[in-house]
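Participant:
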Ligand SMILES: [Zn+2]
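Numbering (my numbering), first residue to last: 62 to 451.
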């Protein structure tokens, strides 16, 4: 064997430590026996690795009470509340949410700021302020190990360049680089698309846990998506995959900000919903959307017809996704989840008509378990990837 291919013992140890950490992060409290079984390592190796993590202040161990008659109980390994944490941030059009998230996905503290059409400089300043504010509320021994930020736009995965975030009105903003400079060069800062991160979170901790093939579609003002293929996130060559909102449904349809016409977003986005309901564009906003949904729920026209029209387009879109990806589930989020809730039979009828029979029988239509926090939790998962890569 050539010398360069020999794996050194310290590399194996580092790899095994990362595996133990990932198990505890994914599954929460685990016994040493469970770690031994799931990682296929022997008991003494697991004991050594856990001992290392205890000394580093990452996990705690305790002996469960009450199990004496069953012999010596296996030690329970759990993340320490004052151990390492990440800063997760969700940048939206009207608000910035920041949270300190520990191993196991536990949100320790969070902070929300209302903003109006935030520019990049203001967002960088706000995140730096939130990082200090959250750190002050964490125990002194807790260390920040990474930063993950969700942005509603097209993101260059390698360096966090925001190519285009239409609803924030950002174009070619070197957001990752700016944030890295502001927060300190040593810190691992990762930027992700909000829908990709929502998919990641719902797959790791939400409605699609333990599934291998999942599509996530989220729609409010814009429509985005994320795809999990065989258990892994699908990013594409540049990180731009999953733009479900820009699948073209009708070449003669309304103009889209992406330069095309008749994109899914122009039929499923909140602007389309309000247009169908006859609401003037200058009345656009969360209150108007909530009003249309409430009226539709009571069957009041024209809101009920508007929701029915959007539901039909949603069914067509889901049929395309089912034919292309043959997923075990499609998780439908945000305002589109409300459309599905109000008009599920109509959505399902359209899926029945348009998707190929073999594939459509495989797919469950679900709504997110994590509610509005899908992208925030996804941002924390992105940040933790840095810790597990070491
Ligand atoms: Zn488009």
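Built from N, CA and C at the ideal position, the CB exists for glycine as well.
May I ask you to check if the CB of residue 307 is nearer than 6 Å to at least one heavy atom of ligand 1?
Facilitator: Yes - ligand 1 has a heavy atom lying nearer than 6 Å to the Cβ of residue 307.
Participant: Roughly how many angstroms separate the alpha carbons of residue 31 and residue 260, rounded to a whole number?
Facilitator: There is no way to answer for residue 31, as the model of the chain reaches only from 62 to 451.
Participant: Drop a sphere of 10 angstroms on the beta-carbon of residue 449, count the other beta-carbons inside from all chains shown, and report buried for 16 or more, exposed for fewer.
Facilitator: Burial call: exposed.
Participant: Considering residue 122, what are the terminal residues of the beta strand (DSSP E) in which it resides?
Facilitator: 120–123 is the extent of the beta strand (DSSP E) around residue 122.
Participant: Cα-Cα, which of 118, 120 and 136 is closest to residue 126?
Facilitator: The residue with the shortest Cα to Cα distance from residue 126 is 136.
Participant: Here's a check: name, in chain order, each residue in its chain whose Cβ is nearer than 7 Å to the Cβ of residue 256, leaving out the five neighbours to either side.
Facilitator: Counting only Cβ-Cβ distances below 7 Å, and skipping sequence neighbours, we find 277, 279, 285, 286, 287 and 303.
Participant: With which residues is residue 159 paired in a DSSP beta bridge?
Facilitator: In DSSP, residue 159 forms a bridge with 150 and 172.
Participant: Taking buried to mean at least 16 other C-beta atoms within 10 Å of its own C-beta, is residue 362 buried or exposed?
Facilitator: Residue 362 comes out exposed.
Participant: Where do the ends of the alpha helix (DSSP H) carrying residue 139 lie?
Facilitator: Run containing residue 139: none in the alpha helix (DSSP H); it sits in the beta strand (DSSP E), 137–140.
Participant: How many whole angstroms separate the CB atoms of residue 146 and residue 120, which I take to be in contact at a CB cut-off of 8 Å?
Facilitator: With 8 Å as the limit, residue 146 and residue 120 do not qualify as a contact, their Cβ atoms being about 13 Å apart.
Participant: Check whether the region 345–360 and the region 381–388 touch, using three or more Cβ-Cβ pairs below 8 Å as the test.
Facilitator: Result no; under three Cβ-Cβ pairs closer than 8 Å.
Participant: Is DSSP giving residue 88 helix, strand or coil here?
Facilitator: The answer is helix: DSSP assigns residue 88 an H, G or I state.
Participant: Use the C-beta contact count for residue 331: other C-beta atoms within 10 angstroms, 16 or more gives buried, fewer gives exposed.
Facilitator: Flag for residue 331 reads buried.
Participant: Applying the criterion that 16 or more other CB atoms from any shown protein chain within 10 Å of the CB defines a buried residue, is residue 435 buried or exposed?
Facilitator: Flag for residue 435 reads buried.
Participant: Using 8 Å as the threshold, is the region 210–217 in touch with the region 189–198, meaning 3 or more CB pairs across them?
Facilitator: The answer is no - the region 189–198 does not touch the region 210–217, with fewer than three Cβ pairs under 8 Å.
Participant: Apply the 10 Å Cβ neighbour rule to residue 393 and answer buried if 16 or more other Cβ atoms are within range, or exposed otherwise.
Facilitator: Residue 393 comes out buried.
Participant: Comparing alpha-carbon positions, which option in 164, 153, 262 and 300 lies nearest residue 176?
Facilitator: That would be 153, whose Cα lies nearest to the Cα of residue 176.
Participant: Considering only residues of the region 330–417, which uninterrupted beta strand (DSSP E) runs meet the minimum length of 3 residues and lie entirely inside it, listed in chain order?
Facilitator: You should have 390–395.
Participant: Using the Cα positions of residue 106 and residue 411, report the straight-line distance between them to the nearest angstrom.
Facilitator: If you take the alpha carbons of residue 106 and residue 411, they lie about 54 Å apart.
Participant: Flag this pair as yes or no: are the beta carbons of residue 149 and residue 437 separated by less than 7 Å?
Facilitator: Yes. Within cutoff.
Participant: Is it buried or exposed for residue 299, if we count other Cβ within 10 angstroms and need 16 for buried?
Facilitator: Label assigned to residue 299: exposed.
Participant: For residue 281, verify whether its CB is less than 6 Å away from any heavy atom of ligand 3.
Facilitator: Looking at this structure, you won't find ligand 3 anywhere; what it does contain is ligand 1.
Participant: Whose CA, out of 77, 444, 113 and 247, lies closest to the CA of residue 101?
Facilitator: Residue 77 is the option with its Cα nearest to residue 101.
Participant: Check for me: the alpha helix (DSSP H) holding residue 187 runs from which residue to which?
Facilitator: Start and end: 181–198.
Participant: Is residue 266 close to chain D, meaning its C-beta is less than 7 Å from at least one C-beta of that chain?
Facilitator: Absence of chain D from the displayed structure is noted, only one protein chain being present.
Participant: Could you give the distance in angstroms between the alpha-carbon of residue 197 and the alpha-carbon of residue 158?
Facilitator: Going by the C-alpha atoms only, they are around 17 Å apart.
Participant: Going straight from the alpha carbon of residue 358 to that of residue 310, what length do you get?
Facilitator: The alpha-carbon atoms of residue 358 and residue 310 are separated by roughly 26 Å.
Participant: Rounded to the nearest angstrom, what separates residue 62 and residue 69 at their Cα positions?
Facilitator: Here residue 62 scores only 46 on pLDDT, less than 50, and its place in the model is too uncertain to base an answer on.
Participant: Distance check for residue 266 and residue 441, CA to CA, integer angstroms please.
Facilitator: Approximately 12 Å between the Cα atoms of the pair.
Participant: Cα separation between residue 252 and residue 335?
Facilitator: Rounded to the nearest angstrom, the two C-alpha atoms are 31 Å apart.
Participant: Got a sec, what are the start and stop residues for the beta strand (DSSP E) residue 426 sits in?
Facilitator: That run of the beta strand (DSSP E) goes 425–427.
Participant: Going by other Cβ atoms of all chains shown within 10 Å of its Cβ, with 16 needed for buried, is residue 364 buried or exposed?
Facilitator: With 16 or more Cβ atoms within 10 Å of its Cβ, residue 364 is classed as buried.
Participant: Measuring CB to CB, does residue 415 end up less than 7 Å from residue 444?
Facilitator: Not in contact: residue 415 and residue 444 (Cβ atoms no closer than 7 Å).
Participant: Is it the case that the CB of residue 436 approaches a heavy atom of ligand 1 more closely than 6 Å?
Facilitator: Checking every heavy atom of ligand 1 against the Cβ of residue 436, none is found closer than 6 Å.
Participant: Taking the beta carbon of residue 200 as the centre, do at least 16 other beta carbons fall within 10 Å, making it buried, or is it exposed?
Facilitator: Residue 200 is exposed by the Cβ-count criterion.
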